[in-house]
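Asker: Chains as they are written, first to last, in our numbering: chain V, 310 to 579; chain Z, 18 to 293.
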Amino acid sequence: MLAYDFMRHAFAAAAVVSLVAGTVGYFLVLRGQTFAGHALAHVGFTGATGAVLVGIAPLWGLVIVTLAAGIGMGFIGERLAERDVAIGLVLAFALGLGLLFLHYYTAFASQATALLFGNVLAVEPRTVWILAALGAVTLGMLAAISRPMLFASLQPQLAEAKGVSPRRYGVLFLVVVALTTAACAQIVGVLLVFALMVGPPAAAQRLTTTLATGVLLSALLALAESWGGLTLAFYSDWPGSFCIVLLSGAVYVLAALPWNRALTVRPVRP
Amino acid sequence: MNVISFRDVRVELGGRVVLDRVTLEIGQGEFVGMLGPNGSGKTTLMRAILGLVPPAQGAIQVLGRPATRGNPAVGYLPQLHGPAPGARLRGRDFVASAVDGHRLGLPWPGDRGRTEVDRVLDLVGGRELAARPLNTLSGGERQRLLLAQALLGQPQLLLLDEPLISLDPHRQQEVVALVRSLQQTLGITVLFSAHELNPLLGVMDRVLYLGSGQAALGSVDAVITGPVLSRLYGAPIEVIRVQGRIFVMSGAHEVERDDHRHGHDHAGSHRHAAHG
Numbered sequence: 310m311l312a313y314d315f316m317r318h319a320f321a322a323a324a325v326v327s328l329v330a331g332t333v334g335y336f337l338v339l340r341g342q343t344f345a346g347h348a349l350a351h352v353g354f355t356g357a358t359g360a361v362l363v364g365i366a367p368l369w370g371l372v373i374v375t376l377a378a379g380i381g382m383g384f385i386g387e388r389l390a391e392r393d394v395a396i397g398l399v400l401a402f403a404l405g406l407g408l409l410f411l412h413y414y415t416a417f418a419s420q421a422t423a424l425l426f427g428n429v430l431a432v433e434p435r436t437v438w439i440l441a442a443l444g445a446v447t448l449g450m451l452a453a454i455s456r457p458m459l460f461a462s463l464q465p466q467l468a469e470a471k472g473v474s475p476r477r478y479g480v481l482f483l484v485v486v487a488l489t490t491a492a493c494a495q496i497v498g499v500l501l502v503f504a505l506m507v508g509p510p511a512a513a514q515r516l517t518t519t520l521a522t523g524v525l526l527s528a529l530l531a532l533a534e535s536w537g538g539l540t541l542a543f544y545s546d547w548p549g550s551f552c553i554v555l556l557s558g559a560v561y562v563l564a565a566l567p568w569n570r571a572l573t574v575r576p577v578r579p
Numbered sequence: 018m019n020v021i022s023f024r025d026v027r028v029e030l031g032g033r034v035v036l037d038r039v040t041l042e043i044g045q046g047e048f049v050g051m052l053g054p055n056g057s058g059k060t061t062l063m064r065a066i067l068g069l070v071p072p073a074q075g076a077i078q079v080l081g082r083p084a085t086r087g088n089p090a091v092g093y094l095p096q097l098h099g100p101a102p103g104a105r106l107r108g109r110d111f112v113a114s115a116v117d118g119h120r121l122g123l124p125w126p127g128d129r130g131r132t133e134v135d136r137v138l139d140l141v142g143g144r145e146l147a148a149r150p151l152n153t154l155s156g157g158e159r160q161r162l163l164l165a166q167a168l169l170g171q172p173q174l175l176l177l178d179e180p181l182i183s184l185d186p187h188r189q190q191e192v193v194a195l196v197r198s199l200q201q202t203l204g205i206t207v208l209f210s211a212h213e214l215n216p217l218l219g220v221m222d223r224v225l226y227l228g229s230g231q232a233a234l235g236s237v238d239a240v241i242t243g244p245v246l247s248r249l250y251g252a253p254i255e256v257i258r259v260q261g262r263i264f265v266m267s268g269a270h271e272v273e274r275d276d277h278r279h280g281h282d283h284a285g286s287h288r289h290a291a292h293g
């Protein structure tokens, strides 16, 4: 399987993207912002289609638009109660715009499908390097902000009293999420970003209650699911994205089963 | 030196005057219970001490300096608002997230941070609790961990915003007793807001009662009286003492009881010390 160049590139790209997605996704799920990740991916589709329209690579369209949308969402939705409304508004506008771009874009139907559902087997070596650079920047930024961001997520009022602005770190974190979403979309497409950004962290949070172990487990699960999915795709001839989503869903269901929870979480004492 | 000093302070929130010309002084090692009807500014007063709400007039001093955000000498336990994020996280990591939380970097505490987390967990007897995820803890157990978190960094002043909310009378007494013993062993000052007076009777050194933008600070006997409370509530108030308990009545209604019912919808949590 690894004798083929396209498979090696796919494995490399999937490794980079899933390690980033699993790590960033852990905090996304912890903050209860999975909807934001989903929305950013959809908005990214608008960016990608728009980029093709003006003649630049879809990846840069994705990056620019998800970044702008992430920052916008972070600023509009300061409080928890407002988040859903803010995200919904941005999403509706962006999807409408995407529809407009798609209107001029119908000639490239296969490229549209690749954006929506991913085409990991068509990843070029150059894209792998770009993804690696993007991933390094994303993880570097997450590493820098993770302590105050976590503090502000878990205890916003206390954080504010200690001089940590929950809003500032909310915006910065959504920038990290936006970059991750753009990278993820290259592998599984904008519609299936959940498979890498939400599935593995949600499973990890079912399996361990420790922060450090959870982050590590989430990244490793994402890696295992994307590599496993690629292997399955190679031998079954099913689409790669489908195989990754299948594994992501299966792992989460296994992790969330009641018998499993009884094993991993200590029972409550009366 | 006073730990908290308000001089002629007016605080406005969204154009509404919450505190008006409030002057008060709280000294070293005092346990002050803060009471008052909903919307009387208990949380706002704490936020003003934390430097989060600048006074429109007057001056607030904390430990001899103007109130500012991020004062490490002030510990704070915010009021709970619904389910907390990170409920699947074990208690220890939740507590530890506040260690050096204002500094950039990775969220893993170093040796010093781990020692500090152990110290505060031991203070509240929470080492075993901290191994469990938050969503398996009862309200009282969670408050103990939040109290531990507030004690990080060895604060000299502890602001506790409604730590008794939605606890049954027995757990309320446990939390009050724990705070009292910590306050005495650590020699710190505590400002403890509550909906009800009775759980704090015999424990607090003085009571701070807020109402109608005013504040009355003094001994229970001096403050919990018909004339003082009538002024704060802006309505005739009668104070009834029964077997060491105190009931604040407006006409035929017990005001604290009514406040509690209107203010909080936690089903099944309305049992009162007075009736428990």
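Think of the CB as a built atom: it goes at the ideal place given N, C-alpha and C, for glycine as much as any other residue. All values derive from a computational prediction rather than experimental measurement.
#1: If you count every other CB in all the chains shown that lies within 10 Å of the CB of Z/M18, and 16 or more means buried, which is it?
#2: If you follow the beta strand (DSSP E) that Z/I257 is in, where does it begin and where does it stop?
#3: Measure the alpha-carbon distance for V/T447 versus V/H347 and round it to whole angstroms.
#4: With a threshold of 6 Å on Cβ separation, who are the neighbours of V/M310 within its own chain once the five nearest residues in sequence on each side are excluded?
#5: Thinking C-alpha only, which one of V/Y335, V/H318, V/R340 and V/A322 is nearest V/S462?
#6: What residues in its chain sit with their C-beta under 6 Å from that of Z/L189, if we drop five residues either side in the sequence?
#7: What residues in its chain sit with their C-beta under 6 Å from that of Z/F209, if we drop five residues either side in the sequence?
#8: One question on the structure: do V/A323 and V/V486 come within less than 8 Å of each other, judged by their Cβ atoms?
#9: Taking CB distances under 8 Å as the criterion, tell me whether Z/G122 reaches chain V.
#10: How many Å lie between V/V554 and V/V374 at the Cα?
#11: I'd like the list of long-range same chain contacts for V/A512, defined as Cβ closer than 7 Å, with 5 residues on each side in sequence excluded.
#12: Using only the alpha-carbon positions, how far apart do Z/M266 and Z/S247 sit?
#13: Helix, strand or coil, according to DSSP, for Z/Y226 in the structure here?
#14: Mapping the DSSP letters down to three states, classify Z/P89 as helix, strand or coil.
#15: Could one say the Cβ of V/P457 lies closer than 8 Å to chain B's Cβ atoms, at least one of them?
#16: Mind checking Z/R133: buried by the 16 CB within 10 Å criterion, or exposed?
#17: Within 10 angstroms of its Cβ, does Z/A211 collect 16 or more other Cβ (buried), or is it exposed?
#18: Please list, in chain order, the residues of the stretch 102-116 of chain Z that have any C-beta partner in chain V closer than 7 Å.
#19: Would you kindly check if the distance between the Cβ of Z/V220 and the Cβ of Z/R197 is under 8 Å?
#20: Would you say V/A512 faces chain Z, with C-beta separation under 8 Å as the test?
#21: For Z/G251, count the other beta carbons within 10 Å of its own beta carbon; 16 or more makes it buried, fewer makes it exposed. Which is it?
#22: Using 10 angstroms around the beta-carbon of Z/P172, count the other beta-carbons present and answer buried if the total reaches 16, otherwise exposed.
#23: Should the stretch 148-163 of chain Z be called in touch with the stretch 107-120 of chain Z, which here means at least 3 C-beta pairs below 8 Å?
#24: Excluding five sequence neighbours on each side, which residues of the same chain lie with their C-beta closer than 8 Å to the C-beta of Z/P126?
#25: What is the DSSP secondary structure of V/V507, reduced to helix, strand or coil?
#26: Compare the C-beta of V/A431 with all C-beta atoms of chain Z and state if any pair is closer than 8 Å.
#27: So within the stretch 97-148 of chain Z, which uninterrupted beta strand (DSSP E) runs reach at least 3 residues, ignoring any that extend past its ends?
#28: Within 10 angstroms of its Cβ, does V/S545 collect 16 or more other Cβ (buried), or is it exposed?
#29: Using Cβ-Cβ distances below 7 Å, what residues of the stretch 50-78 of chain Z are close to chain V?
#30: Below 8 Å on the Cβ atoms is my guess for Z/V91 versus Z/L164; work out the distance and round it to an integer in Å.
#31: Can you tell which of Z/V245, Z/N152, Z/L227 and Z/P253 has its C-alpha closest to the C-alpha of Z/M2?
#32: What residues from chain Z crowd round V/F384, counting only those whose CB sits closer than 7 Å?
#33: Applying the criterion that 16 or more other CB atoms from any shown protein chain within 10 Å of the CB defines a buried residue, is V/I439 buried or exposed?
#34: Of all Cβ atoms in chain V, is any one closer than 8 Å to the Cβ of Z/H119?
#35: If we ignore side chains and look at the alpha-carbon of each, how far apart do V/A319 and V/T522 end up?
#36: Taking 8 Å as the threshold (C-beta atoms), are Z/G75 and Z/R33 in contact?
Answerer: Short version:
#1: Exposure of Z/M18 is indicated by the presence of fewer than 16 other C-beta atoms within 10 angstroms of its C-beta.
#2: Per DSSP, Z/I257 belongs to the beta strand (DSSP E) from E255 to V259.
#3: If I take the Cα positions, the gap works out to 18 Å.
#4: If we look at V/M310 and ignore the five residues flanking it on each side, its Cβ neighbours are M316 and F543.
#5: Of the listed residues, the one whose Cα sits closest to V/S462 is V/R340.
#6: Just to set this straight, residue 189 of chain Z is Gln in the shown sequence, not Leu. So the qualifying residues of the chain are L181 and P216.
#7: Excluding five sequence positions before and after Z/F209, the CB atoms of its chain that fall closer than 6 Å to its own CB belong to G50 and L177, given in chain order.
#8: At the C-beta level, V/A323 and V/V486 stay beyond 8 Å of one another.
#9: Taking CB atoms only, Z/G122 has a neighbour in chain V less than 8 Å away.
#10: Approximately 25 Å between the Cα atoms of the pair.
#11: The answer, listed in chain order, is L530, V560, Y561 and A564.
#12: Computed Cα separation, rounded: 10 Å.
#13: In the displayed model, Z/Y226 falls within a strand according to three-state DSSP.
#14: For Z/P89, the three-state secondary structure derived from DSSP is coil.
#15: Of the protein chains in the structure, V and Z, none is chain B.
#16: The sequence as given places Glu at residue 133 of chain Z; Arg does not occur at that position. In summary, Z/E133 is buried, with 16 or more beta-carbon neighbours lying within 10 Å of its beta-carbon over all protein chains present.
#17: Classification for Z/A211: buried.
#18: Shown in chain order are the members of the stretch 102-116 of chain Z whose Cβ falls below 7 Å from a Cβ of chain V: P102, G103, R105, L106, R107, D110, F111, S114 and A115.
#19: If you check the CB distance, Z/R197 and Z/V220 come in under 8 Å.
#20: No, V/A512 lies away from the interface with chain Z (no Cβ there is under 8 Å from its Cβ).
#21: By the 10 Å Cβ count, Z/G251 comes out exposed.
#22: Counting Cβ neighbours within 10 Å, Z/P172 comes out buried, since at least 16 surround it.
#23: Taking 8 Å as the limit for Cβ pairs, the verdict is that the stretch 107-120 of chain Z does touch the stretch 148-163 of chain Z.
#24: A113, V116, D117, E133 and V134, listed in sequence order.
#25: Coil at V/V507, not helix or strand.
#26: So, not an interface residue.
#27: Entirely contained in the stretch 97-148 of chain Z, not one beta strand (DSSP E) run reaches 3 residues.
#28: It counts as exposed.
#29: Against chain V - using a Cβ distance shorter than 7 Å - the residues of the stretch 50-78 of chain Z are L67 and L69.
#30: The Cβ separation is near 14 Å, so there is no contact.
#31: The shown model of chain Z, from 18 to 293, leaves out residue 2 of chain Z, and the question about it has no answer.
#32: In chain order: nothing, as chain Z lies at least about 20 Å away.
#33: A buried status is given to V/I439, since no fewer than 16 other beta-carbon atoms sit within 10 Å of its beta-carbon.
#34: At a cut-off of 8 Å between beta carbons, Z/H119 contacts chain V.
#35: One C-alpha to the other measures close to 27 Å.
#36: No, Cβ-Cβ distance for Z/R33 and Z/G75 is not below 8 Å.
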